[in-house]
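Asks:
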Amino acid sequence: MDRKRNQSLGKKGKKKSSIISRASRQEHHEDIYTSYDTILPIKFEENKEINIKSSWEDVIRGQYGYYFNDELCLRSIENNQPFKFIDQTHYDILGDIILNYIQEKLVSFYNLDEVQIPLAKHYNGSNKCNIFHSKDWFSNRNKGLILIQGTGAVRAGQWARSVCINDSLNIGAVFPFLEEAFKGGYSTIILNPNYNENPETRERIPFNGDSDEHSDYVWENFIRPCPARELYIVAHSRGGASTIHLLEKYWKEFNRRVKAIAFTDAALGSVKSLNMTQKAVLAQIAVDWIESRHPRDHLEKPAAISRSGVTNLSSGHEKHEYTTGYAFPSIFPFFRNKQRFIH
């Protein structure tokens, strides 16, 4: 990753969580900081400069005594040591604050649009879920990248909450994927399939009651209108099941537009419901980088003998939550290789 980019990212940062909800996070932030006048110059690709106000990074520093270093690793201000677990409540709240920081960077640094769904034309209530997409999502006619995380505490912008806290945002968050997508001319959309209810009232979010409903809504209202001729998917863990759901439900569109799928230790049990044609196409366009003690890209199982019918390669890491971050160096080359046979 670019060192200047990491230095900028490691110095400031706001957006959503389960404990600190969208409705309450600004109030929470203002209770802690009544003034945040610092304006930081953030350097982006091609010398683009974005000024943002300091915010969630100040909360991480001021309330928890941590900061993100140049490698985007969380470190103690006092002794520069990694995160130290105190108790689950402390861990969960810090995790939510870091999520706010990540999601703020999606907007302020990577210049993505944050969109609340369901859209107002479908629902006027307050129970909403946020997704993010690049500003060229509805105008880029070439390539589109779809990012789908797994289940659990992770939200849009994260692959693994624990990795964001205990290791690096370069491994646990989507930042490297956005960087590479920008360089490669991809428009990008980030789904949020786990955000299914209002965290304060526990009321279900319309059209987003579960991962499949969320995926359907995003496909019909964001992916279908996207003009990109080629779509590429990165799906981690339960995101794999969401991808198979989309393949099966929207088969004609999916087969025509999706050119490659990078699974990372994905949940692919639902593959058994596919017909023979669908399974054959999936085997041709998809690879699953799984947890393994072998070096990255080591062939674990060819498609013909894997349970999912998809080629299994080593991600280069033995732990499930690390597979996406460790497989990253191979994913865009995999996409480019598929493009060679398209053009």
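The numbers in the sequence shown follow UniProt numbering, run straight up by one, and end at 343.
Just so you know, even glycine gets a beta-carbon here, dropped at the ideal spot from N, CA and C.
Classify Gly144 as helix, strand or coil using the three-state DSSP reduction.
Replies: Looking at Gly144 - three-state DSSP - the assignment turns out to be strand.
Asks: Could you pull out every residue in the same chain whose Cβ sits closer than 8 Å to the Cβ of Ser21, ignoring the five residues on either side in sequence?
Replies: Confidence at Ser21 is low in this model, with a pLDDT of 43, below 50, so the placement of that residue is unreliable and no value is reported for it.
Asks: To the nearest whole angstrom, what separates the beta carbons of Gly65 and Ile77, a pair I think is in contact under 8 Å?
Replies: Indeed they touch by this definition, with Cβ atoms about 5 Å apart.
Asks: Alpha carbons only, please: which of Tyr101, Ser330, Trp219 and Arg75 is nearest the one belonging to Asn166?
Replies: Ranking Tyr101, Ser330, Trp219 and Arg75 by Cα distance to Asn166 puts Arg75 first.
Asks: Is His236 helix, strand or coil by DSSP?
Replies: Residue state, collapsed to three classes: strand.
Asks: Determine the burial state of Glu220: buried for a count of at least 16 other Cβ atoms within 10 Å of its Cβ, exposed for fewer.
Replies: It is exposed - the Cβ of Glu220 has fewer than 16 other Cβ atoms within 10 Å.
Asks: Measure the CB-CB distance between Ser215 and Ser242 and report whether it falls below 8 Å.
Replies: A contact, by the Cβ cut-off of 8 Å.
Asks: Measuring CB atoms only, is the segment 328–336 touching the segment 255–267, in the sense that at least three cross pairs come out at less than 8 Å?
Replies: A contact exists between the segment 328–336 and the segment 255–267.
Asks: Just to check my reading of the structure: Ile60 and Ile102 have Cβ atoms closer than 8 Å, yes? What is that Cβ distance to the nearest angstrom?
Replies: Rounded, the Cβ-Cβ distance is 11 Å, inconsistent with contact.
Asks: The alpha helix (DSSP H) with Trp289 in it runs from where to where?
Replies: Careful: Trp289 lies outside any alpha helix (DSSP H), inside the beta strand (DSSP E) at Ala286 to Ile290.
Asks: If the criterion is Cβ atoms closer than 8 Å, does the pair Ser314 and Asp288 meet it?
Replies: No.
Asks: Determine which residues share a DSSP beta bridge with Thr188 and list them.
Replies: BP columns for Thr188 point to Leu145.
Asks: Pull up the distance between the alpha-carbon of Ile93 and that of Leu99, whole angstroms please.
Replies: About 10 Å.
Asks: Residue range of the beta strand (DSSP E) that Gln116 falls in?
Replies: Asp113 to Ile117 is the span of the beta strand (DSSP E), which, as asked, contains Gln116.
Asks: Going straight from the alpha carbon of Leu147 to that of Gln63, what length do you get?
Replies: Roughly 32 Å separates the two Cα atoms.
Asks: Say whether chain D places a C-beta atom closer than 8 Å to the C-beta of His214.
Replies: The chain inventory of the structure shown lacks chain D, comprising one protein chain alone.
Asks: Can you grab the Cα-Cα spacing for the pair Tyr326 / Gly316, in whole Å?
Replies: Cα to Cα, Tyr326 sits roughly 6 Å from Gly316.
Asks: Give every residue of the same chain whose Cβ lies closer than 8 Å to the Cβ of Val107, excluding the five residues on either side of it in the sequence, and list them in chain order.
Replies: Hits under 8 Å: Lys15, Asp113, Glu114 and Phe132.
Asks: To which residues does DSSP link Arg204 through a beta bridge?
Replies: DSSP, once it has assigned bridges, lists Glu197 as partnering Arg204.
Asks: Less than 6 Å between C-beta atoms, sequence neighbours within five positions excluded: which residues of the same chain meet that for Lys279?
Replies: Answer for Lys279: Gly309, listed in chain order.
Asks: If you draw a straight line from the C-alpha of Gly152 to the C-alpha of Phe207, how long is it?
Replies: The straight-line gap from Cα to Cα measures roughly 19 Å.
Asks: Could you give the distance in angstroms between the alpha-carbon of Tyr186 and the alpha-carbon of Val174?
Replies: Spanning the two alpha carbons is a distance of roughly 14 Å.
Asks: Which residues in the same chain have their Cβ closer than 6 Å to the Cβ of His320, if we skip the five residues on either side of it in sequence?
Replies: Contacts found: Asp265 and Glu291.
Asks: Output yes or no for whether 8 Å exceeds the beta carbon distance between Phe231 and Ala181.
Replies: Residue identity differs from the one stated: residue 231 is Leu in this sequence, not Phe. For Leu231 and Ala181, no; Cβs fall outside 8 Å.
Asks: Within the same chain, show all residues whose beta-carbon is closer than 6 Å to that of Pro118, passing over the 5 residues directly before and after it, in chain order.
Replies: Within the same chain, Pro118 has close Cβ partners Pro206 and Phe207.
Asks: Considering only residues of the same chain and omitting the five flanking positions on each side of Cys129, which have a CB-CB separation below 6 Å?
Replies: Cβ within range, chain order: Ile117, Asn192, Tyr195, Ile205 and Asn208.
Asks: In chain order, what are the residue ranges of uninterrupted beta strand (DSSP E) at least 3 long that sit wholly in the segment 297–334?
Replies: Counting whole runs of 3 or more residues, the segment 297–334 contains the beta strand (DSSP E) stretches 299–301 and 311–314.
Asks: Which of the three DSSP states is assigned to Lys43 in this structure?
Replies: Because Lys43 carries a pLDDT of 32, less than 50, the predicted location of this residue cannot be relied on, and no value is offered for it.
Asks: The alpha helix (DSSP H) with Lys105 in it runs from where to where?
Replies: Per DSSP, Lys105 belongs to the alpha helix (DSSP H) from Gln88 to Ser108.
Asks: Any heavy atom of the ligand MN inside 7 Å of the beta-carbon of Arg161?
Replies: This structure lacks the ligand MN, and indeed carries no ligand of any kind.
Asks: Alpha helix (DSSP H) containing Asn255: first to last residue?
Replies: Start and end: Trp251 to Arg257.
Asks: So what does Ser76 bridge to, in DSSP terms?
Replies: In DSSP, Ser76 forms a bridge with Tyr66.
Asks: Looking only at its own chain, which residues have a Cβ that is under 8 Å from the Cβ of Phe85, when we skip the five neighbours before and after it?
Replies: The answer, listed in chain order, is Tyr91.
Asks: So, for Thr34: in the same chain, excluding its five sequence neighbours on each side, which residues have a beta-carbon less than 7 Å away from its beta-carbon?
Replies: Per-residue confidence for Thr34 stands at a pLDDT of 25, beneath the threshold of 50, marking its modelled position as unreliable; no derived number is given.
Asks: Using the rule of at least 16 other Cβ atoms within 10 Å of the residue's Cβ for burial, across every protein chain shown, is Arg238 buried or exposed?
Replies: Looking at its Cβ environment, which holds 16 or more other Cβ atoms inside 10 Å, Arg238 is buried.
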